[in-house]
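Written out below as structure tokens is the structure these notes cover.
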Amino acid sequence: MNYQNLEQYILELKEEGKKYFITSSFQSHSLVLLHMLSRIDAHTPVIFINTGYHFPETINFRDEVMQAFGMDNLVDLKSQLPKSMQVDAGGRLLFTSDPDHCCYINKTQPLDSVLRTHDVWINGVRADQSATRSQMKETQEAPHNTMRLHPMLDWSAKQIYDYQQAHNLPKHPLDAQGYMSIGCEPCTRKFDLDMQEREARWYGLNKTECGLHTDLIK
908 MNYQNLEQYI LELKEEGKKY FITSSFQSHS LVLLHMLSRI DAHTPVIFIN
958 TGYHFPETIN FRDEVMQAFG MDNLVDLKSQ LPKSMQVDAG GRLLFTSDPD
1008 HCCYINKTQP LDSVLRTHDV WINGVRADQS ATRSQMKETQ EAPHNTMRLH
1058 PMLDWSAKQI YDYQQAHNLP KHPLDAQGYM SIGCEPCTRK FDLDMQEREA
1108 RWYGLNKTEC GLHTDLIK
């Protein structure tokens, strides 16, 4: 989906009185979609799923990008379950023993509540990022009669790079330190040349998705 198609889609949502939002991880490659949307509707709710485990650099970068893009509706979404209760039977934090459940508590469950009050969820998944995402469609149903919109689904890494260069988009500060796919600090490692893009997340585990794009989709 190009800029003109996205703009037309958003205008139609507005005319129909639909409530929509975008989620963003504020990684460098995520900024292309956010930048396009900022030019269409700078008041779009931007959901940042704040697990409490993000790199400090990500939080600072998030705030800088929102200001630079002129977007004024940041929603800092957090789990209702305190970290003191996010432990296993042995008292260990869940990301050390059950990362799937940790992701469910801190990401999937909070966003599920947002879907209940909105009509369209805009997110920047790309088909070339993983086998799971390669099976997705540009629009797909989500729980609670919500529609998922994937404007970047057919974009390549080169197209992302070209847009970044053309619009001089800022880069996440951890890019220069060798990180490519940046999520929660305990579950993110630096990129190796023999890795695919998302293999630096949950390294060594049979896991490439947090649940947002497997549980919250039909």
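Here the numbering used here = 1-based position in the sequence shown + 907.
A virtual CB, placed ideally from N, CA and C, is assigned to each residue, including glycine.
Do you know how far the Cα of VAL953 is from the Cα of ARG1040? The residue you call residue 1040 lines up with position 133 of the sequence shown. The residue you call residue 953 lines up with position 46 of the sequence shown. When rounded, the distance between both Cα atoms is 22 angstroms.
So for VAL953, helix, strand or coil by DSSP? Taking the first residue of the sequence shown as 1, we reach residue 953 at position 46. Strand.
Where ILE1012 and GLY959 are concerned, what is the direct C-alpha to C-alpha distance, given to the nearest angstrom? What you label residue 1012 is simply residue 105 of the sequence shown in a count that begins at 1. What you label residue 959 is simply residue 52 of the sequence shown in a count that begins at 1. So the two alpha carbons sit approximately 12 angstroms from each other.
Beta-carbon proximity list for ASP1026, same chain, < 7 angstroms, skipping 5 on both sides: By 1-based counting over the sequence shown, the position of residue 1026 is 119. Answer for ASP1026: LYS925, LYS926, TYR927, THR1053 and MET1054, listed in chain order.
is_contact[LYS1044, chain D] using C-beta, thresh 8 angstroms: No chain D appears in this structure, which consists of one protein chain only.
Hey, PHE1002 and CYS1117: beta-carbon distance below 8 angstroms or not? To locate residue 1002, count along the sequence shown from 1; it is residue 95. To locate residue 1117, count along the sequence shown from 1; it is residue 210. Contact: no.
Please report how far the alpha carbon of LYS921 lies from the alpha carbon of PRO1006, in whole angstroms. The residue labelled residue 921 in the question sits at position 14 within the sequence shown. The residue labelled residue 1006 in the question sits at position 99 within the sequence shown. Rounded to whole angstroms, LYS921 to PRO1006 spans 38 angstroms at the Cα level.
Just tell me which of PRO1050, ILE1067 and ARG1096 has its CA closest to the CA of LEU1119. Working through the sequence shown from its first residue, we reach residue 1119 at position 212. Among PRO1050, ILE1067 and ARG1096, the Cα nearest to that of LEU1119 belongs to PRO1050.
Range of the contiguous beta strand (DSSP E) that encloses THR1015: Reading the sequence shown from its first residue, position 108 is the one you call residue 1015. From DSSP, THR1015 is part of no beta strand (DSSP E); its letter is neither H nor E.
The segment 931–944 in contact with the segment 1026–1036 per 3-pair CB rule at 8 angstroms: yes
In whole angstroms, what is the alpha-carbon distance linking LEU1076 and THR1024? Mapped onto the sequence shown, residue 1076 falls at position 169. Mapped onto the sequence shown, residue 1024 falls at position 117. When rounded, the separation of the alpha-carbon atoms in LEU1076 and THR1024 is 31 angstroms.
In the segment 1045–1089, which residue ranges form an unbroken alpha helix (DSSP H) of at least 4 residues, counting only runs that do not cross its ends? DSSP runs (the alpha helix (DSSP H)) wholly in the segment 1045–1089: 1064–1074.
Are at least three pairs of beta-carbons, each pair with one atom in the segment 977–990 and one in the segment 1013–1023, less than 8 angstroms apart? yes
Pairwise C-alpha distance: TYR1070 and GLN1084: For the purposes of this step, residue 1084 is taken as the residue at position 177 of the sequence shown. For the purposes of this step, residue 1070 is taken as the residue at position 163 of the sequence shown. Pairing GLN1084 with TYR1070, the inter-Cα distance amounts to about 22 angstroms.
Reference SER1037, options THR1046, THR1121 and MET978, closest by Cα: What you label residue 1037 is simply residue 130 of the sequence shown in a count that begins at 1. Of the listed residues, the one whose Cα sits closest to SER1037 is THR1121.
For SER937, which residues in the same chain have their Cβ closer than 6 angstroms to its Cβ, ignoring the five residues on either side in sequence? Reading the sequence shown from its first residue, position 30 is the one you call residue 937. Same-chain partners within the cutoff: SER931 and GLY1031.
Spell out the partners DSSP gives ASP1019 in its beta bridges. Residue numbering aside, residue 1019 sits at position 112 when the sequence shown is read from its first letter. ASP1019 is not bridged to any residue.
Compare the beta carbon distance of THR965 and ILE1067 with 8 angstroms and say whether it is the shorter of the two. Counting from one through the sequence shown, the residue named residue 965 turns up at place 58. Counting from one through the sequence shown, the residue named residue 1067 turns up at place 160. Result no, Cβ atoms of THR965 and ILE1067 do not sit closer than 8 angstroms.
Using DSSP bridges, identify the partner residues of VAL1027. Numbered from its first residue, the sequence shown carries residue 1027 at position 120. TYR927 and MET1054, per the DSSP bridge assignment.
Straight-line gap, GLN1042 to ILE1124 (C-alpha atoms, nearest Å): Along the sequence shown, read from residue 1 onward, the residue named residue 1042 stands at position 135. Along the sequence shown, read from residue 1 onward, the residue named residue 1124 stands at position 217. For GLN1042 and ILE1124, the distance between alpha carbons rounds to 12 angstroms.
Kindly identify the DSSP beta-bridge partner or partners of VAL1032. Reading the sequence shown from its first residue, position 125 is the one you call residue 1032. DSSP lists no partner for VAL1032.
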